[in-house]
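Numbering (the numbering used here), first residue to last: 37 to 102.
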């Protein structure tokens, strides 16, 4: 991820309050921010949240903070 430019699509537990801690941990450990979710995407999340390991509830885009 360190050399990647642009957005990365990843599984995430939640974009609601339940996922706030994961978003903060992501930023602290990687300097990446959660930027949003795919608009009207039929794609269902697979796997687990990249931070907490809980079942993914959403797909999110992350990108490096500048």
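Note that CB positions come from ideal geometry on N, CA and C, so glycine has one too. Small disclaimer: the values here were computed from a predicted structure and weren't measured.
For residue 79, the closest alpha carbon among the candidates 72, 85, 86, 95 is that of 95. By the 16-neighbour rule on beta-carbons within 10 angstroms, residue 71 is exposed.
Per DSSP, residue 79 has no beta bridge partner at all.
Nearest C-alpha to residue 100 among 88, 68, 87: 68. Straight-line spacing of the CA atoms in residue 81 and residue 90 works out to 12 Å. For residue 71, the uninterrupted beta strand (DSSP E) run begins and ends at 68-72, by DSSP.
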